[in-house]
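As structure tokens, the structure follows; a few thoughts come after it.
2 protein chains.
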Amino acid sequence: MKTRVLVVGYGTIGKRVADAVRAQSDMELVGVCTPRPNANVLALLRRGEEVPLVAYDEESEEAFRRAGISTSGRLGELLSSGEVDVVVDASPGGAGAENKRRFYSQSGVRVVFQGGEEPGVAEVTFSPFFNYDVARGRRYVRVPSCNTTGILRVVNALLRVGPVEEVFIAIVRRAHDPADRKGARLNTVALDGGVPSHHARDVKLVVPVNITTVAVVAPTTLSHFHVARVRFAGGGVTREEVIEALSSAPRVVVVGEPFSATADLAEFFRELRPRGDMYEVAVLEQSVSVDGSSAVLAYVVHQESVVIPENIDAVRALASGVPPWESVRMTDSSLGVLSGRISLTAARAAPRPEVKVLA
Amino acid sequence: MKTRVLVVGYGTIGKRVADAVRAQSDMELVGVCTPRPNANVLALLRRGEEVPLVAYDEESEEAFRRAGISTSGRLGELLSSGEVDVVVDASPGGAGAENKRRFYSQSGVRVVFQGGEEPGVAEVTFSPFFNYDVARGRRYVRVPSCNTTGILRVVNALLRVGPVEEVFIAIVRRAHDPADRKGARLNTVALDGGVPSHHARDVKLVVPVNITTVAVVAPTTLSHFHVARVRFAGGGVTREEVIEALSSAPRVVVVGEPFSATADLAEFFRELRPRGDMYEVAVLEQSVSVDGSSAVLAYVVHQESVVIPENIDAVRALASGVPPWESVRMTDSSLGVLSGRISLTAARAAPRPEVKVLA
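If you're matching them up, the sequences are chains A and B in order.
Here our numbering is used: the first residue of the first sequence is 1, the next is one more, and so on.
Here our numbering is used: the first residue of the second sequence is 1001, the next is one more, and so on.
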């Protein structure tokens, strides 16, 4: 039986989760719920897809009616009906906790929250690579933010090299999402929050690693950019080992020539996927440098899409009997998540159809 | 019999033209030709599509071989073989003229050049709305640049209101394409060239209209933004007439609530099309203002994709018996080019599948 999923919030994350749920053979998208019609709803209508729109409440229903858009019931009613197994709540930060009080706690529904919520909203802050089994069968889990999700994948990869003694990461955050205007700060780089930034705390909620993170905001919209220094417990680590660990880990790609910037990657993934989504953490090969027991690496984390695979795994952890590695395989195969190396020098390793020879 | 098209140059325009050619029922993409393997070629390989790669020359063939990528012959040979009816040359500005000297003039092939070439490279600077029949059966035509193409569509729309006496347009250009780094000038707005800018000249090559254009460069990457003032020959023009003319013209959309910025439109079209392409000129409804015989309007022109439909029409003008309006219809239907109005208040007019009512 398919897991019936409702997405609440239809912004940057919600619209992507909704599409990803539809790509899973073991899930059914019951609908999407959003307080007000917005440009994303308009795009959904234009795409002509069969996705029921669920009104948030009475006021919301009225707003949709004024725009001439049909809705199918209200959130509260739908949850009471027992026709939803899991809600993925992709509301703006803090609104998820409010939704929990107002709607979720009164029904038996299980909920995946996002990293914009405080950790206390859920029983587990989640990573399929570290604590999938802890999350199994719970009511509330939280997928940490894009930066934390990216760090957890890199830590998961580097643990293949050996025990990690210390991690330090300078996070150069994008200022805001591409379509936002509020918060735009052109021509400045600003410290974002205190030291350590909240990312270190979130990582430690998932895996006990000695980590410090500092975040600064740069005037870009495309992706976050991390500069990491990692000290391994043992010495004698080689650059080849580190690259091998990164390029054999799930949801991480090592990118070489001609990729060295967030914009290079954004343009490449525009060719490959709707919305130009980059589900993978992309490690810049030229940045990987190893000296004794310490490694330096720089990688790019796409703020809009990197958490989507983890959200899908979180749904499975809550409401299916699928084991963690099988869930990761199913998610990555359905979404076409890449791993390994991408570069012109490694082009021969890429899948290539038989070239039709011209006469 | 299908028109056999080769795309030379596989950058921003070339990759889009190649995909658009493949969407035409009366055209066949013979291949794409590019001097060197680049990230776009890598993406093409990853997409696993059956598009033959043609080497530019011997040196080019060697560069592909080093990257382990198979090619199918060289440009010169292929053109001599008579297996190409039309080349769409999407090389960087100026390289098209060089290709003409080196390759095209020695074969019988017909060629569509881009606006980055000087007008003299071709017999006709082209618009399907004004001079398709003049271009018919010629050897060389030139599709003018994105800004000029956008202006021509708006002029074509406004001529439905009545004779146009004068047009003045301030063009706020994007600084560079999303993946470029050369030419990036953050935190400055600069005059671009003289007054009038070359766009006025290019418009006049197509249609005899009294037009002045001034271009400035702003530090953005998403789209050009035009602010236009148009004086009609007769008085008594109404705002409703102007909006009606714009929203009933081909390849123009009038966008209302919640669209007022280039980024709003970029995000919306990311939902609708690969690469987030916006083939349409998007007029901001809230900008349209009419006073007696003068109208003001602001509109957005997507530099990467707006010329794609006109390139397809140019191929038909050169090498088919299809009449202009039929070509526009075929192009727009195959690419899903929109017209009319897009806004939340007009959402009821949008196509909407039957909503599945939840029990």
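In this text, a Cβ means the ideal position worked out from N, Cα and C, and glycines have one as well.
Since the model is a prediction, treat every value here as computed from it, not as a measurement.
Out of the options, point me to the one whose CA is closest to residue i's CA.
i	options	result
Ser334 of chain A	A:Val8, A:Ala23, A:Ile13 and A:Met1	A:Ala23
Val88 of chain A	A:Gly48, A:Gly321, A:Thr34 and A:Ser72	A:Thr34
Ser1293 of chain B	B:Ala1266, B:Pro1258, B:Arg1231 and B:Glu1326	B:Arg1231
Thr1213 of chain B	B:Gly1236, B:Val1141 and B:Arg1173	B:Arg1173
Tyr1140 of chain B	B:Ala1020, B:Thr1149 and B:Thr1125	B:Thr1125
Glu77 of chain A	A:Arg4, A:Val227, A:Tyr104 and A:Asp313	A:Tyr104
Ala1175 of chain B	B:Gly1009, B:His1224 and B:Cys1146	B:His1224
Gly14 of chain A	A:Asn311, A:Thr331, A:Tyr132 and A:Glu123	A:Asn311
Glu98 of chain A	A:Ser81, A:Ala122 and A:Ser80	A:Ala122
Thr149 of chain A	A:His199, A:Arg136, A:Gly108 and A:Asp133	A:His199
Ile243 of chain A	A:Gly9, A:Val288 and A:Ile171	A:Val288
Which whole-angstrom value describes the C-beta separation of residue i and residue j, a residue pair presumed to lie in contact below a C-beta threshold of 8 Å?
i	j	result
Tyr1279 of chain B	Pro1309 of chain B	5 Å
Gln114 of chain A	Gly96 of chain A	7 Å
Val1252 of chain B	Ala1157 of chain B	5 Å
Thr973 of chain B	Glu1241 of chain B	Given that chain B is displayed from residue 1001 to residue 1359, the structure contains no residue 973 of chain B and the question cannot be resolved.
Asp1264 of chain B	Thr1221 of chain B	With 8 Å as the limit, Asp1264 of chain B and Thr1221 of chain B do not qualify as a contact, their Cβ atoms being about 15 Å apart.
Pro1119 of chain B	Leu1205 of chain B	6 Å
Val1086 of chain B	Thr1003 of chain B	6 Å
Asp1133 of chain B	Pro1324 of chain B	7 Å
Val51 of chain A	Glu28 of chain A	Their Cβ separation, rounded to whole angstroms, is 11 Å, which puts Val51 of chain A and Glu28 of chain A out of contact at 8 Å.
Quick check: what's the CA-CA separation for residue i versus residue j?
i	j	result
Val355 of chain A	Phe1130 of chain B	Caution applies to Val355 of chain A, whose pLDDT of 35 falls short of 50 and renders its modelled position unreliable; the model cannot decide the point.
Arg1273 of chain B	Thr238 of chain A	44 Å
Pro37 of chain A	Ala233 of chain A	53 Å
Val1209 of chain B	Pro1163 of chain B	10 Å
Ala1215 of chain B	Val1189 of chain B	10 Å
Ala18 of chain A	Arg316 of chain A	15 Å
Arg1160 of chain B	Ala1245 of chain B	6 Å
Ser91 of chain A	Val1322 of chain B	51 Å
Ala179 of chain A	Val1084 of chain B	42 Å
Ala298 of chain A	Leu284 of chain A	6 Å
Asn187 of chain A	Arg1270 of chain B	26 Å
Val1290 of chain B	Val1254 of chain B	15 Å
Pro351 of chain A	Arg1065 of chain B	Summary for Pro351 of chain A: the model assigns pLDDT 48, below 50, so the residue's position carries little reliability; its value from the coordinates is reported in the next sentence. C-alpha separation (whole angstroms): 16 Å.
Glu117 of chain A	Ala314 of chain A	16 Å
Val357 of chain A	Asp1202 of chain B	Since pLDDT at Val357 of chain A reaches only 33, below the 50 mark, its modelled position is unreliable, and the value read off the structure follows with that caveat. Roughly 40 Å between the two C-alpha positions.
Val1154 of chain B	Ile1169 of chain B	11 Å
Leu318 of chain A	Ala1184 of chain B	47 Å
Arg1110 of chain B	Val1007 of chain B	12 Å
Ala359 of chain A	Glu1061 of chain B	Residue placement at Ala359 of chain A cannot be trusted, given a pLDDT of 30 that sits under 50; what the coordinates show is reported in the next sentence. Their Cα atoms are separated by approximately 17 Å.
Val207 of chain A	Ala1346 of chain B	50 Å
Ser1343 of chain B	Arg1275 of chain B	22 Å
Ala1228 of chain B	Val1167 of chain B	7 Å
Ala266 of chain A	Asp26 of chain A	30 Å
Gly73 of chain A	Leu53 of chain A	8 Å
Val1337 of chain B	Arg1329 of chain B	9 Å
Arg1136 of chain B	Tyr56 of chain A	56 Å
Phe1268 of chain B	Gly1082 of chain B	43 Å
Leu1079 of chain B	Arg1101 of chain B	13 Å
With DSSP as the reference, identify every bridge partner of residue i, one or two as the case may be.
i	result
Ala1282 of chain B	B:Val1253 and B:Val1300
Leu1079 of chain B	According to DSSP, Leu1079 of chain B bridges with nothing at all.
Met1027 of chain B	B:Thr1003
Tyr140 of chain A	A:Val111
Ala215 of chain A	A:Ile171
Arg1229 of chain B	B:Phe1168 and B:Val1296
Gly340 of chain A	A:Val253
Ser1289 of chain B	B:Val1296
Arg1074 of chain B	B:Ala1055
Asp1089 of chain B	B:Val1008
Please list, in chain order, the chain A residues whose beta carbon lies closer than 9 Å to that of residue i.
i	result
Phe1268 of chain B	Ala39, Asn40, Leu42, Ala43, Arg46 and Ala179
Residue i versus chain B: which residues are under 9 Å apart at the beta carbon?
i	result
Pro250 of chain A	Near Pro250 of chain A there are no residues of chain B at all, since even the closest Cβ is about 18 Å away, more than 9 Å.
Leu186 of chain A	Leu1186, Asn1187 and Pro1219
Pro92 of chain A	Result: empty, since nearest Cβ-Cβ is about 16 Å, beyond 9 Å.
Thr34 of chain A	Near Thr34 of chain A there are no residues of chain B at all, since even the closest Cβ is about 13 Å away, more than 9 Å.
Ala261 of chain A	Ala1179 and Arg1181
Could you list which residues in chain A have their beta carbon closer than 8 Å to that of residue i, in chain order?
i	result
Leu1284 of chain B	Ordered by position in chain A, no residue passes the 8 Å Cβ test against Leu1284 of chain B, which lies about 14 Å from the chain.
Gly1276 of chain B	Arg270, Arg275 and Gly276
Pro1258 of chain B	Asn38 and Ala39
Could you list which residues in chain B have their beta carbon closer than 7 Å to that of residue i, in chain order?
i	result
Leu335 of chain A	What Leu335 of chain A touches in chain B: nothing, since even the nearest Cβ is about 15 Å away.
Leu344 of chain A	Pro1037, Leu1042 and Ala1067
Could you work out which residues of chain B lie near residue i, taking near to mean beta carbons separated by less than 8 Å?
i	result
Asp264 of chain A	Ala1039 and Ala1179
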